[in-house]
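> Residue numbers (the working numbering): 13 to 595. Glycine included, every Cβ here is placed at the ideal spot set by N, Cα and C.
1) Please state whether the Cβ-Cβ distance between residue 2 and residue 402 is less than 8 Å.
2) Once the 5 residues before and after residue 119 are set aside, which same chain residues still bring their CB inside 6 Å of it?
3) Among 513, 215, 450 and 562, whose alpha-carbon lies nearest the alpha-carbon of residue 582?
4) Quick check on the burial criterion: 16 or more other C-beta atoms within 10 angstroms. Buried or exposed for residue 304?
5) Can you have a look at residue 554 and say buried or exposed, based on whether 16 or more other CB atoms are within 10 angstroms of its CB?
6) Under three-state DSSP, which class holds residue 123?
7) Mind checking who residue 88 pairs with in its DSSP beta bridge?
8) Around the C-beta of residue 39, are 16 or more other C-beta atoms found within 10 angstroms, so that it is buried, or is it exposed?
9) Within 10 angstroms of the Cβ of residue 523, are there 16 or more other Cβ atoms? Answer buried if so, exposed if not.
10) Let me confirm a value: residue 561 is counted as buried when at least 16 other C-beta atoms fall within 10 Å, else exposed. Which label applies?
11) Which residues in the same chain have their Cβ closer than 8 Å to the Cβ of residue 155, if we skip the five residues on either side of it in sequence?
12) Going residue by residue through the stretch 212–280, where are the continuous alpha helix (DSSP H) segments of at least 4 residues, counting only ones entirely within it?
13) Nearest-angstrom Cα distance between residue 112 and residue 136?
14) Contact check, residue 339 vs residue 405 under 8 Å by CB: the rounded distance?
15) How about residue 269 and residue 314: do their beta carbons lie closer than 8 Å?
16) Let's see if you can read the secondary structure: which residues bound the beta strand (DSSP E) around residue 511?
17) For the alpha helix (DSSP H) containing residue 205, name the first residue and the last one.
18) So is residue 605 buried or exposed if we call it buried at 16+ other beta carbons inside 10 Å?
19) According to the neighbour-count rule (16 or more other Cβ atoms, all chains shown, within 10 Å of its Cβ), is residue 378 buried or exposed?
20) Would you give the residue range spanned by the alpha helix (DSSP H) that residue 480 belongs to?
21) Is any non-hydrogen atom of the ligand FAD found closer than 7 Å to the C-beta of residue 54, if you look at the structure I gave you?
22) Can the beta-carbon of residue 576 be found closer than 8 Å to that of residue 536?
23) Pull up the distance between the alpha-carbon of residue 278 and that of residue 312, whole angstroms please.
24) If we ignore side chains and look at the alpha-carbon of each, how far apart do residue 520 and residue 387 end up?
25) For residue 7, count neighbouring Cβ atoms within 10 angstroms of its own Cβ and tell me buried if that reaches 16, exposed if not.
26) Taking just the CA atoms, how far does residue 368 sit from residue 433?
27) Would you kindly check if the distance between the Cβ of residue 256 and the Cβ of residue 230 is under 8 Å?
28) Would you call residue 503 buried or exposed, if buried means 16 or more other Cβ atoms sit within 10 Å of its Cβ?
29) Can you give me the C-alpha to C-alpha distance between residue 194 and residue 183, rounded to a whole angstrom?
30) Apart from the five residues on each side of it in sequence, which residues of its chain come closer than 6 Å, Cβ to Cβ, to residue 471?
31) Check residue 177 in the structure and name its three-state DSSP category.
32) Hey, residue 517 and residue 586 are a contact pair by Cβ (cut 8 Å); roughly how many whole angstroms apart?
33) Cα-Cα, which of 132, 355 and 509 is closest to residue 484?
34) Assuming residue 116 is part of the alpha helix (DSSP H), what are its boundary residues?
35) So what does residue 374 bridge to, in DSSP terms?
36) Based on Cα-Cα distance, which residue from 435, 172 and 221 lies nearest to residue 398?
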């Protein structure tokens, strides 16, 4: 802190922007005038006014000559948010038009404003239109609450010289008015429907510097061919929604060819035979932009289906679409060794109304990128569907996560073994809330790390685990119930005898008849003929015992309160978050 003032002003500003304005920044020693300027600017950059007392306090601050001698506080304000939440009577706003006029004069550099519906309709709306151009704010964006869109086309026209973000103006009937906003950078058209391909193209022919666009398409039909569009490199994020008509192949190809700088694409469509007919176009779009991707890239594809997963015709078409997209993700370009692929599969109830495919490509080092892909599938037949999806591309997956938390029925997963074996380079496997009886019949020599969470298993499950993954190095078991039906009750045994583990982590384990977290229990860890003893006292951390102490405790301990772990070698043992060295 003593030398922070040596940093350039721009660097200090970036630090504050990244860290955010934290409460402890207010208590920092003001080591230099420069630091004081930055902290004050961060404190007053955005102000929230929700009652008359707070409003008057702020006006007093801006009028205080002593404070404003060093820095004019009102000039620091760039965002104003007014919410009428004082008391229970919300029929009248807590500030008047005259007081709002004072606010405008005291804070001349405001770039964004939001007002509650009552305050806005009472006078803010009219004043923003009536204000003289010589003192009006240089508004860049109107902050709109999605529950009601209050700013009209007239508001946007009034501030057209400074507006860079436009979101669903009230009374919008055509996109022609965009000709008055050539400097627009962000465009949100969630409510307005773009009804023709010509109108869609007009948006980007008119606004030449858009960086983000969210558009609701309602295009019935388009011509079969388009002239190859002129590249539009500025657009970084595109969100497309189409609920009543399919997104035609021509539209998708136009997006693919024109927006060469996209980093994030989000597509949401109704799932119907017509919508699902363009899986090849979706995969082309994805593959093309993955080829162009620089530091990072995101692609989101969501299908909404009112009848759940019951329609087999629609389901088949959707499988084709997702398979084609996965082939693009794990395909040609992605076979290079500097792409680390992680696939997350979420098992949904058969009544789920939407399915998704999300992929994130991020550069983590100069010569290494990480690609995280997530798909949602119906729980019924998830193993067989996953096998279909991964045909020909599974060999490029390094991590596989299967999440079945959303499956309320708790049905057992079928066919997952085959999918695991197809992933010949798989290094890490995570199973979350999966009802899996055993790994018997599954073999993977590449898997080195297994994480098991929120599962119910039998002691034989771990014996099969050793056979299925003979090169396992890291094993984590948490929030898991171990069922032991033996009578009389015997201690739980986790048998990993043939494994040489770098790390074994255990936490929140339960016996069928005993919660090891809530009752005292004995833990015996046997490696290469040597046994290490631990005792866990209720909610306390595990405690290492000597052999003599352990023998005495074992005599008194109930068999159902004992956990035995057998392994050839364990370098690091983690018990309930506490690290112990074993070998």
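Put simply:
1) Because the chain here runs from 13 to 595, residue 2 falls outside it and cannot be looked at.
2) 86 and 89, listed in sequence order.
3) Among 513, 215, 450 and 562, the Cα nearest to that of residue 582 belongs to 513.
4) exposed
5) buried
6) It is coil, neither helix nor strand.
7) DSSP, once it has assigned bridges, lists no residue as partnering residue 88.
8) Legend: pLDDT at residue 39 = 45, less than 50; position of this residue unreliable, value from coordinates given subsequently. Flag for residue 39 reads exposed.
9) buried
10) It is exposed - the Cβ of residue 561 has fewer than 16 other Cβ atoms within 10 Å.
11) 91, 93, 124, 125 and 126
12) Fully enclosed alpha helix (DSSP H) runs of 4 or longer: 261–270.
13) Note on geometry: alpha-carbon atoms of residue 112 and residue 136 lie some 8 Å from one another.
14) 5 Å
15) no
16) 504–523
17) No alpha helix (DSSP H) contains residue 205, which is instead part of the beta strand (DSSP E) from 198–206.
18) Residue numbering for the chain in the displayed model covers 13 to 595; residue 605 lies beyond these limits and cannot be assessed.
19) exposed
20) 471–480 is the span of the alpha helix (DSSP H), which, as asked, contains residue 480.
21) Absence of the ligand FAD from the depicted structure is noted, as is the absence of any ligand whatsoever, leaving it without description.
22) yes
23) For residue 278 and residue 312, the distance between alpha carbons rounds to 5 Å.
24) 28 Å
25) This structure cannot settle anything about residue 7, because the visible part of the chain is limited to 13 through 595.
26) 24 Å
27) Yes. Within cutoff.
28) Buried, since its Cβ has 16 or more Cβ neighbours within 10 Å.
29) 20 Å
30) 505
31) Residue 177 falls in the strand class under three-state DSSP.
32) 4 Å
33) Of 132, 355 and 509, the residue nearest in Cα terms is 509.
34) 109–118
35) 308 and 382
36) Cα-wise, what sits closest to residue 398 is 435.
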